[in-house]
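See below for the structure under consideration.
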Amino acid sequence: MTAPILILGTGLAGYNLAREIRKLDKSVPLVLVSRDDAPFYSKPMLSNALASGKSAATLVMKTAERMAEELDARILARRQVTAIDTSARQVSLQDGEVLPYRDLVLALGADPIRLPLDGDAAPEVLSVNDLDDFARFSARLDGARRVAILGGGLIGCEFANDMLARGIEPTVFDPAPWPLGRLLPEEAGAYFRAGLEAAGVVFRMGISAIGVDRQGATYRLRLSDGSVAEADLVLSAVGLRPRIGLAEAAAIQVGRGIVTDRHLASSAAGVSAIGDCAEVVGLSLPFVMPIMQQVRALAKTLTGTPTAVSYPAMPVLVKTPALPTVAAPPPAGLAGEWVLTHPEGGLEALFLTPDGSPAGFALLGAATSRKQVLAASLPAWL
Amino acid sequence: MKTFQCIVCGFIYDEAAGLPEEGLAPGTRWADIPDDWACPDCGVAKSDFEMVEI
Ligand SMILES: Cc1cc2nc3c(=O)[nH]c(=O)nc-3n(C[C@H](O)[C@H](O)[C@H](O)COP(=O)(O)OP(=O)(O)OC[C@H]3O[C@@H](n4cnc5c(N)ncnc54)[C@H](O)[C@@H]3O)c2cc1C
Ligand SMILES: [Zn+2]
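Just so you know, the protein sequences line up as chains A and B, in that order. Heads up, the first sequence is in full-length UniProt numbering, so the first residue is 1 and it goes up one at a time. Heads up, the second sequence is in full-length UniProt numbering, so the first residue is 1 and it goes up one at a time.
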């Protein structure tokens with residue numbers, strides 16, 4: 001029997017790669033491993049599940065059994081990978097099983113970053129990065145009225161907006177001067193903030209949390225400006241760190257993520273990396289669109305047609321119905337300036353290079369209708 | 001008129017509303033959208049959408 005293509009991880013990266021491979025090759029043996037139940041679900045929907053009335057159970061689109069059938073693949077759920085041996089071309093699981101591979105794909109995702117908080121309730125701070133997290137979070141949300149959210153980036157702001165649907169009062173804390181700081185220039189950040197504030201989100205910018213203490217049935221947050229705040233629940237959304245541990249222990253080159261070239265190949269023969277764990281030619285972009293570009297290219301490569309990944313400019317949608325926002329930030333370090341216009345009911349910020357060509361944008365409110373047109377005018381990212 | 005949801009990112013295509021920014025007039029049937037059309041939010045193919053009841 002020939003060794004299979006072995007995919008570690010069944011998130012959007014792992015499962016979509018398997019689907020793309022099956023579109024091209026019906027018979028190559030496929031094995032997928034996940035430490036969770038390996039449900040197929042849409043991770044972006046975790047941060048608008050409350051408004052759409054979804055639970056962890058109804059967010060599951062397909063079970064591992066159904067995916068195994070559809071993909072004609074072996075799916076090992078609730079199994080933890082503990083080591084990769086690139087010279088023997090095999091992977092070890094915690095229970096002792098050893099899996100051989102022809103090609104190995106690392107689609108291991110990323111871990112939420114934990115702030116170094118002190119206080120006896122620091123371990124009770126939640127983060128939501130998968131379905132199991134969401135189940136815990138929604139159970140704790142029952143009866144909560146005030147929620148503190150640490151981090152005013154995309155995920156923090158989306159959860160804040162979503163909680164309004166449940167009558168919760170969310171307060172967002174972030175040391176940055178304005179929300180979505182990585183996506184929006186200052187004035188657009190202020191406009192975004194005002195839009196969410198009008199809907200009921202409270203922002204405490206320029207402030208970080210230092211510690212969390214238990215206080216009866218609630219929590220007391222100690223803040224960097226010396227003040228305190230009370231909350232029934234504390235949610236952390238301060239960023240993600242690619243899961244590089246398994247690769248690093250196998251002497252595969254890592255940087256911020258698992259380093260790959262344009263063919264998604266890592267430094268070890270027969271090993272590729274995709275999704276949130278990967279750093280593709282220096283870019284780690286934890287979003288669905290880049291994943292779809294990656295899996296289409298890699299599926300071709302693994303079925304015999306070496307294909308480099310290309311990235312068009314890929315705007316990021318911020319799912320905040322209180323103020324719909326879409327942003328395509330300019331490449332880091334690029335010279336240029338933001339030019340703002342104020343169409344009725346919105347804000348358009350265009351980043352122009354010194355020769356006047358667009359290299360990025362942020363569209364808020366009514367201006368989001370220009371997304372397609374403007375995205376097509378941007379240079380490709382890769 | 002029916003509604004379809006992208007199973008990867010949750011994007012919803014509502015036949016009644018269409019997607020005027022993308023040249024799909026209100027009332028454009030799912031069946032009449034070309035097969036090479038992709039989800040505007042995440043880029044998955046038309047075949048990866050599923051119908052949802054609303
Ligand atoms: C709340 C939220 C909202 C988001 N919204 C958007 C959005 O609107 N648009 C957008 O483009 N992106 C969004 N994203 C980002 C997007 O969802 C991710 O980029 C994408 O889902 C990552 O997929 P992945 O397969 O790389 O990782 P994951 O889905 O994290 O999958 C990792 C897999 O690896 C497995 N695994 C890890 N370690 C091991 C091990 N040792 N052994 C066995 N298995 C292991 C896990 O079980 C899992 O199956 C959002 C993210 C979050 C958290
Ligand atoms: Zn989609």
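For each residue, glycine too, the CB sits at the ideal point set by N, CA and C. All values reported here derive from a predicted model rather than from experimental measurement.
Closer than 8 Å to chain B by CB, residue i
i, result
"valine 254 of chain A", "no"
"leucine 131 of chain A", "no"
"asparagine 16 of chain A", "yes"
"tyrosine 371 of chain A", "In the sequence as presented, tyrosine is not what sits at residue 371 of chain A; that position holds lysine. Taking Cβ atoms only, chain B reaches closer than 8 Å to lysine 371 of chain A, which makes this a yes."
"serine 42 of chain A", "yes"
"methionine 45 of chain A", "yes"
"valine 288 of chain A", "yes"
"leucine 12 of chain A", "yes"
"methionine 61 of chain A", "yes"
"methionine 292 of chain A", "yes"
"leucine 317 of chain A", "yes"
Distance cut-off 7 Å: residue i Cβ against heavy atoms of ligand 1
i, result
"threonine 28 of chain B", "no"
"proline 44 of chain A", "yes"
"glycine 239 of chain A", "no"
"threonine 10 of chain A", "yes"
"methionine 1 of chain B", "no"
"isoleucine 291 of chain A", "yes"
"lysine 319 of chain A", "yes"
"glutamine 80 of chain A", "yes"
"glutamate 158 of chain A", "yes"
"valine 60 of chain A", "no"
"aspartate 225 of chain A", "no"
"phenylalanine 287 of chain A", "yes"
Same chain only: Cβ atoms within 7 Å of residue i, ignoring 5 sequence neighbours per side
i, result
"alanine 56 of chain A", "Leu131, Phe134, Ala135 and Ser138"
"leucine 17 of chain A", "Ile7, Val105, Ala107, Ile274, Val295, Leu298 and Ala299"
"threonine 218 of chain A", "Glu230, Ala231 and Asp232"
beta-carbon residue i near ligand 2 non-hydrogen atom, thresh 7 Å
i, result
"aspartate 36 of chain B", "no"
"valine 326 of chain A", "no"
"valine 52 of chain B", "no"
"cysteine 277 of chain A", "no"
"phenylalanine 4 of chain B", "no"
"valine 8 of chain B", "yes"
Cutoff 8 Å: residue i Cβ touching any chain A Cβ
i, result
"proline 34 of chain B", "no"
"glycine 18 of chain B", "no"
"aspartate 41 of chain B", "yes"
"valine 44 of chain B", "yes"
"valine 8 of chain B", "yes"
"glutamate 15 of chain B", "no"
Backbone CA spacing between residue i and residue j [nearest angstrom]
i, j, result
"serine 377 of chain A", "histidine 342 of chain A", "20 Å"
"valine 44 of chain B", "glutamine 294 of chain A", "12 Å"
"isoleucine 21 of chain A", "proline 179 of chain A", "39 Å"
"aspartate 162 of chain A", "aspartate 41 of chain B", "19 Å"
"proline 26 of chain B", "glutamine 5 of chain B", "17 Å"
"serine 47 of chain B", "alanine 31 of chain B", "11 Å"
"glycine 119 of chain A", "threonine 307 of chain A", "51 Å"
"leucine 233 of chain A", "glutamate 70 of chain A", "39 Å"
"methionine 51 of chain B", "alanine 64 of chain A", "21 Å"
"glutamate 169 of chain A", "leucine 221 of chain A", "16 Å"
"aspartate 35 of chain B", "arginine 214 of chain A", "55 Å"
"leucine 184 of chain A", "alanine 327 of chain A", "7 Å"
"serine 208 of chain A", "leucine 154 of chain A", "17 Å"
"proline 242 of chain A", "glycine 257 of chain A", "5 Å"
"threonine 82 of chain A", "alanine 13 of chain A", "20 Å"
"leucine 93 of chain A", "arginine 262 of chain A", "29 Å"
"residue 385 of chain A", "glutamate 279 of chain A", "Within the shown structure, residues of chain A are numbered from 1 to 382, placing residue 385 of chain A beyond reach of any answer."
"proline 329 of chain A", "glycine 109 of chain A", "23 Å"
"glutamate 124 of chain A", "arginine 79 of chain A", "26 Å"
"methionine 45 of chain A", "glycine 11 of chain A", "13 Å"
Neighbourhood of residue i by C-beta, 8 Å cutoff - its chain only, sequence neighbours within 5 removed
i, result
"alanine 335 of chain A", "Thr353 and Pro354"
"methionine 1 of chain B", "Asp14, Glu15, Ala16 and Gly27"
"valine 60 of chain A", "Pro39, Phe40, Tyr41 and Leu131"
Beta-carbon contacts of residue i that lie in its chain and below 6 Å, excluding the five residues immediately before and after
i, result
"alanine 3 of chain A", "Pro100, Tyr101 and Arg102"
"glycine 346 of chain A", "Leu364, Gly365, Ala366 and Ala367"
"glycine 211 of chain A", "Leu117, Asp118, Gly119 and Arg222"
"valine 202 of chain A", "Thr171"
"alanine 322 of chain A", "Asn161, Gly195, Leu196 and Ala199"
"residue 414 of chain A", "Nothing can be reported for residue 414 of chain A: it is not among the residues displayed for chain A, which extend from 1 to 382."
"alanine 362 of chain A", "Leu184, Ala188, Ala327 and Ala349"
"tyrosine 15 of chain A", "Phe40"
Q | Ranges of the beta strand (DSSP E) found wholly within the stretch 343-382 of chain A, counting only runs of at least 3 | A | 346-352 and 358-365
Q. What runs of the alpha helix (DSSP H), each 4 residues or longer, lie entirely inside the stretch 86-144 of chain A?
A. 131-141
Q: Starting from the N-terminal side, write out each stretch of the beta strand (DSSP E) that is 3 residues or longer and does not extend beyond the stretch 300-338 of chain A.
A: The stretch 300-338 of chain A contains these whole beta strand (DSSP E) runs: 316-318 and 325-328.
**Q.** beta strand (DSSP E) runs contained entirely in the stretch 242-285 of chain A, provided each spans 3 or more residues
**A.** 258-260, 271-273 and 278-280
Q: Return the chain-ordered ranges of every beta strand (DSSP E) run that is complete within the UniProt domain "Rubredoxin-like" (1-52) of chain B and spans a minimum of 3 residues.
A: 3-6, 12-14 and 49-52
Q: Quick one: which unbroken alpha helix (DSSP H) runs of 4-plus residues sit fully inside the stretch 2-47 of chain A? Chain order, please.
A: 12-24
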